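Trainee: Numbering (this note's numbering), first residue to last: 4 to 615.
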Ligand SMILES: Nc1ncnc2c1ncn2[C@@H]1O[C@H](COP(=O)(O)OP(=O)(O)OP(=O)(O)O)[C@@H](O)[C@H]1O
Ligand SMILES: [Mg+2]
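#1: Can you tell me whether DSSP reads residue 604 as helix, strand or coil?
#2: Does any heavy atom of ligand 2 sit closer than 6 Å to the C-beta of residue 118?
#3: Would you check if the segment 203-213 and the segment 227-241 touch, i.e. whether three or more CB-CB distances between them fall below 8 Å?
#4: Nearest to residue 428 by CA position, among 302, 451 and 517, is which residue?
#5: DSSP on residue 521, reduced to helix/strand/coil?
#6: Under 8 Å by Cβ, that's how I've got residue 42 and residue 282 pegged, so tell me the actual separation to the nearest angstrom.
#7: Let me know the alpha helix (DSSP H) ranges lying completely inside the segment 264-302, each 4 residues or longer, listed in chain order.
#8: Should residue 570 go down as buried or exposed, given a rule of 16 or more other Cβ atoms within 10 Å for buried?
#9: By the 10 Å Cβ neighbour count, where 16 or more other Cβ atoms means buried, how is residue 146 classified, buried or exposed?
#10: Report, in whole angstroms, the separation of the C-beta atoms of residue 507 and residue 522, which I expect to be a contact under 8 Å.
#11: Per DSSP, what are the beta-bridge partners of residue 196 in this structure?
#12: How is residue 439 classed by DSSP in three states: helix, strand or coil?
#13: Report back the beta-carbon spacing between residue 247 and residue 163 to the nearest angstrom; my notes put them in contact at under 8 Å.
#14: Would you list, in sequence order, the uninterrupted alpha helix (DSSP H) runs of no fewer than 4 residues that lie entirely inside the segment 204-274?
#15: Check for me: the alpha helix (DSSP H) holding residue 38 runs from which residue to which?
#16: Assign residue 325 to one of two classes, buried (16 or more other C-beta atoms within 10 Å of its C-beta) or exposed (fewer than that).
#17: Have a look at the DSSP bridge pairing and note the partners of residue 511.
#18: Can we count residue 107 as close to ligand 2, meaning its CB is less than 6 Å from some heavy atom?
#19: What is the DSSP secondary structure of residue 357, counted as helix, strand or coil?
#20: Can you name the residues that DSSP bridges to residue 331?
#21: Can you tell me which of the three DSSP states residue 477 falls into?
#22: If we count the other Cβ atoms within 10 Å of its Cβ and call it buried at 16 or more, is residue 478 buried or exposed?
#23: Using the Cα positions of residue 87 and residue 26, report the straight-line distance between them to the nearest angstrom.
#24: In angstroms with no decimal places, state the Cα-to-Cα distance between residue 553 and residue 195.
#25: Determine, using beta carbons only, whether residue 73 and residue 155 come nearer to each other than 7 Å.
#26: Taking all protein chains shown into account, do 16 or more other C-beta atoms lie within 10 angstroms of the C-beta of residue 607, making it buried, or fewer, making it exposed?
#27: What would DSSP say about residue 462, mapped onto helix, strand or coil?
#28: Taking the alpha-carbon of residue 128 as reference, which of 525, 467, 152 and 69 has the nearest alpha-carbon?
#29: Would you mind sorting residue 322 into buried or exposed? The rule is 16 or more other CB atoms within 10 Å of its CB.
#30: Using a 10 Å radius around the Cβ and a threshold of 16 neighbouring Cβ atoms, would you call residue 268 buried or exposed?
#31: As a quick exercise: from 455, 168, 348 and 185, pick the residue whose alpha carbon is nearest that of residue 592.
#32: Smallest Cα separation from residue 291: which of 280, 306 and 38?
#33: Per DSSP, residue 434 is paired with what?
#34: Are the Cβ atoms of residue 441 and residue 430 separated by less than 7 Å?
#35: Report yes if the CB atom of residue 318 is closer than 7 Å to the CB atom of residue 277, and no otherwise.
#36: Please classify residue 556: does DSSP put it in a helix, a strand, or coil?
Right, dumping it as structure tokens:
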């Protein structure tokens with residue numbers, strides 16, 4: 004029968020069982036998408052086998068050859084054939100799909116590779132006198148033969164997708180595929196600092212090119228992680244990140260989170276693992292964004308390398324063909340932990356945030372030193388461990404319960420210590436251009452952007468006051484009637500109740516006006532008309548959720564309270580501002596992610612003048 008339309012099936016055909024080769028090829032389609040996915044499976048197998056050293060080589064972007072060699076516990080000769088057959092695995096105990104502690108669990112990777120390439124596995128199991136080797140070609144397995152090899156396993160994949168030209172066509176250039184292989188290896192290497200890795204391009208066998216070499220990291224969890232991340236991501240991230248170690252209800256968050264001032268233009272530096280398995284998880288990415296949202300401009304993205312550790316039963320890893328996604332049993336708990344732990348860690352690090360800017364600034368002065376040299380980084384690091392125990396890079400785990408520092412009074416009427424050079428931000432020495440405070444520390448100078456710093460202080464104070472119930476307000480002697488367009492008036496009127504809790508008391512006043520009665524005390528004297536117009540704008544930005552709207556309003560209001568640029572300050576007032584910055588969480592950056600101060604070591608200044 005002729006189909007009436009190409010969209011209507013033409014005829015029914017009998018159901019028949021697919022043969023093993025076809026079934027394997029279909030399964031392989033999901034597991035092995037490109038050379039990099041083959042490398043991922045093989046490196047994961049090596050890690051699952053307890054390897055300490057993994058050597059990876061590829062030719063022509065992995066299309067011609069992929070070779071992964073490890074020194075793990077190997078596969079006994081008698082189990083080699085089984086390793087290559089489908090649904091055969093040593094990693095699952097019976098039918099328990101709950102307690103999965105390894106990368107692998109399906110017994111799919113090797114048979115899939117055998118279905119789409121020529122696959123040779125050579126292995127010598129721990130304790131066995133000799134090695135054995137098996138080759139699979141087009142899904143057909145050859146006999147096991149004795150082979151020569153030291154302990155461990157070597158897997159070779161030749162002519163990937165050679166038999167499936169349709170797939171081959173979808174591969175990108177050798178260069179692009181090689182780059183994807185490099186990314187996969189670096190990503191997995193980040194999860195295993197104690198394992199050494201090498202990656203080589205052997206396209207030209209006479210001139211192999213080593214593209215990555217990672218020595219095994221020794222040292223404890225964080226030292227190892229820092230060392231590996233430094234090698235994989237470069238030193239800047241590690242120098243500009245805080246340690247995160249928190250636990251709530253059996254869920255742990257461990258790793259490094261970038262300072263807000265070390266933001267990126269895209270979400271490219273966000274590396275999450277769940278129980279050591281690299282994942283791309285929307286929940287985790289969303290929680291990361293939420294943790295930073297009022298520390299960074301909207302178009303900037305935080306950097307982080309974090310592991311969520313939780314009992315295997317609390318997470319389902321069997322929801323994605325390449326295991327790149329997971330499902331949490333209690334997503335709310337995980338999200339809360341990530342946000343809470345990151346906020347606590349960043350609050351603790353507040354005063355540290357601007358260090359790199361000082362270092363980066365040196366680069367700007369001296370073009371030949373764009374990247375911070377080791378000496379400068381050492382100087383920056385030294386400064387990061389200030390005498391008074393603010394940020395402690397190597398300190399105790401940061402608890403979730405750490406109370407936020409009390410919001411200091413931005414009117415600075417407290418008497419400052421006489422000459423506090425030992426304090427992290429030092430003693431105020433001068434104000435220049437009515438905008439910057441120059442302070443002297445025991446071994447350097449600090450330049451504070453008084454407006455940016457004050458804005459952060461006012462913002463944190465407003466937030467703290469609101470968290471404590473209702474922010475104190477100041478009644479206007481004469482209520483001010485502010486005319487705005489009808490839309491703005493409606494938005495403000497609709498949120499009148501919420502605004503009251505922020506210390507802003509308003510009433511609708513006809514269709515095109517709002518009557519302003521009280522303003523937040525923390526702002527001091529303000530221009531009510533401009534304040535209200537800005538609040539209406541903040542509400543129009545339409546951030547999702549009341550919480551986000553409130554933050555947007557607070558952030559706008561803080562700008563109004565920060566009148567300190569262009570204002571001359573007395574000595575005591577400057578010192579008080581410095582002390583307040585030190586005592587305020589997140590004070591290293593203003594609400595827009597710009598640094599509030601910059602620190603320069605004396606050694607760096609001397610270097611600028613060529614004295615060193
Ligand atoms: N490098 C290796 N060292 C030791 N044993 C290995 C190695 N590679 C594979 N094996 C053995 O072969 C078995 C099959 O490997 P395969 O990758 O196909 O499946 P898996 O790792 O168990 O599960 P998955 O399909 O989820 O990766 C493994 O369970 C393991 O016992
Ligand atoms: Mg596997």
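Beta carbons: idealized from backbone N, C-alpha and C, even for Gly.
Only a predicted model underlies this, so the values are computations on that prediction, with no experimental measurement involved.
Mentor: According to the structure data:
#1: Within the chain shown, the letter at position 601 stands for residue 604. In the structure shown, the three-state DSSP call for residue 604 is strand.
#2: Along the chain shown, one-based indexing puts residue 118 at 115. No - ligand 2 has no heavy atom lying nearer than 6 Å to the Cβ of residue 118.
#3: Between the segment 227-241 and the segment 203-213, the count of C-beta pairs closer than 8 Å stays below three; the two stretches do not touch.
#4: Taking the chain shown and counting its residues from 1, one reaches residue 428 at position 425. The option with the nearest alpha carbon to residue 428 is 451.
#5: Along the chain shown, read from residue 1 onward, the residue named residue 521 stands at position 518. Of the three classes helix, strand and coil, the one that applies to residue 521 here is strand, per DSSP.
#6: Within the chain shown, the letter at position 39 stands for residue 42. Within the chain shown, the letter at position 279 stands for residue 282. Actually they do not touch by this definition, with Cβ atoms about 18 Å apart.
#7: For the segment 264-302, the continuous alpha helix (DSSP H) assignments of 4+ residues that do not extend past its boundaries occur at 285-295, in sequence order.
#8: For this step, residue 570 is matched to residue 567 along the chain shown. The residue in question, residue 570, is exposed, as its Cβ has fewer than 16 Cβ neighbours within 10 Å.
#9: Residue mapping note: residue 146 aligns to position 143 of the chain shown, counting from 1. Exposed, because fewer than 16 other Cβ atoms sit within 10 Å of the Cβ of residue 146.
#10: Start at 1 with the first residue of the chain shown, and residue 507 comes out as number 504. Start at 1 with the first residue of the chain shown, and residue 522 comes out as number 519. About 6 Å separates the two Cβ atoms, so the contact holds.
#11: Mapped onto the chain shown, residue 196 falls at position 193. Answer is none; residue 196 lacks a bridge partner.
#12: In the chain shown, counting from the first residue as 1, residue 439 sits at position 436. Three-state DSSP puts residue 439 in a strand.
#13: Here residue 247 corresponds to residue number 244 of the chain shown, with the count starting at 1. Here residue 163 corresponds to residue number 160 of the chain shown, with the count starting at 1. So it is not a contact: roughly 39 Å between Cβ atoms.
#14: The qualifying runs are 224-236 and 238-242.
#15: Position 35 of the chain shown, counting from 1, holds the residue named residue 38. Taken as a continuous stretch (DSSP letters only), the alpha helix (DSSP H) holding residue 38 covers 38-51.
#16: Start at 1 with the first residue of the chain shown, and residue 325 comes out as number 322. By the C-beta density criterion, residue 325 is exposed, having fewer than 16 other C-beta atoms within 10 angstroms.
#17: Here the question's residue 511 lines up with position 508 in the chain shown. Its beta-bridge partners are 517.
#18: If you number the chain shown from 1, residue 107 lands on position 104. Indeed, a heavy atom of ligand 2 lies less than 6 Å from the Cβ.
#19: As a working mapping, residue 357 is identified with position 354 in the chain shown. Interpretation of residue 357 is limited by its pLDDT of 45, a score under 50 that renders its predicted location unreliable; the figure taken from the coordinates is listed afterwards. DSSP places residue 357 in coil when its eight states are reduced to three.
#20: Along the chain shown, one-based indexing puts residue 331 at 328. According to DSSP, which records beta bridges pairwise, residue 331 is partnered with 318.
#21: Translated into positions along the chain shown, residue 477 becomes position 474. Note: residue 477 maps to strand in three-state DSSP.
#22: Numbered from 1 along the chain shown, position 475 holds the residue referred to as residue 478. Residue 478 comes out exposed.
#23: For the purposes of this step, residue 87 is taken as the residue at position 84 of the chain shown. For the purposes of this step, residue 26 is taken as the residue at position 23 of the chain shown. The alpha-carbon atoms of residue 87 and residue 26 are separated by roughly 14 Å.
#24: Indexing the chain shown from 1 puts residue 553 at position 550. Indexing the chain shown from 1 puts residue 195 at position 192. Per the coordinates, the alpha-carbon of residue 553 lies some 42 Å from the alpha-carbon of residue 195.
#25: Within the chain shown, residue 73 is the residue found at index 70, counting from 1. Within the chain shown, residue 155 is the residue found at index 152, counting from 1. Yes.
#26: The count along the chain shown starts at 1 and reaches residue 607 at position 604. Classification for residue 607: buried.
#27: One-based indexing of the chain shown puts residue 462 at position 459. Correct three-state label for residue 462: helix.
#28: Position 125 of the chain shown holds residue 128. The shortest Cα separation from residue 128 among 525, 467, 152 and 69 belongs to 152.
#29: Position 319 of the chain shown holds residue 322. Flag for residue 322 reads exposed.
#30: Looking up residue 268 in the chain shown gives position 265. With fewer than 16 other Cβ atoms within 10 Å, it is exposed.
#31: Stepping through the chain shown from its first residue, residue 592 is reached at position 589. Per the Cα distances, 455.
#32: As a working mapping, residue 291 is identified with position 288 in the chain shown. Minimum Cα distance to residue 291 is reached at 306.
#33: Translated into the one-based positions of the chain shown, residue 434 becomes position 431. Checking the DSSP bridge columns, you'll see residue 434 partnered with 440.
#34: For the purposes of this step, residue 441 is identified with residue 438 of the chain shown, where counting begins at 1. For the purposes of this step, residue 430 is identified with residue 427 of the chain shown, where counting begins at 1. Contact: no.
#35: Position 315 of the chain shown, counting from 1, holds the residue named residue 318. Position 274 of the chain shown, counting from 1, holds the residue named residue 277. Yes, Cβ-Cβ distance for residue 318 and residue 277 is below 7 Å.
#36: Locating residue 556 in the chain shown gives position 553, counting from the first residue. Correct three-state label for residue 556: helix.
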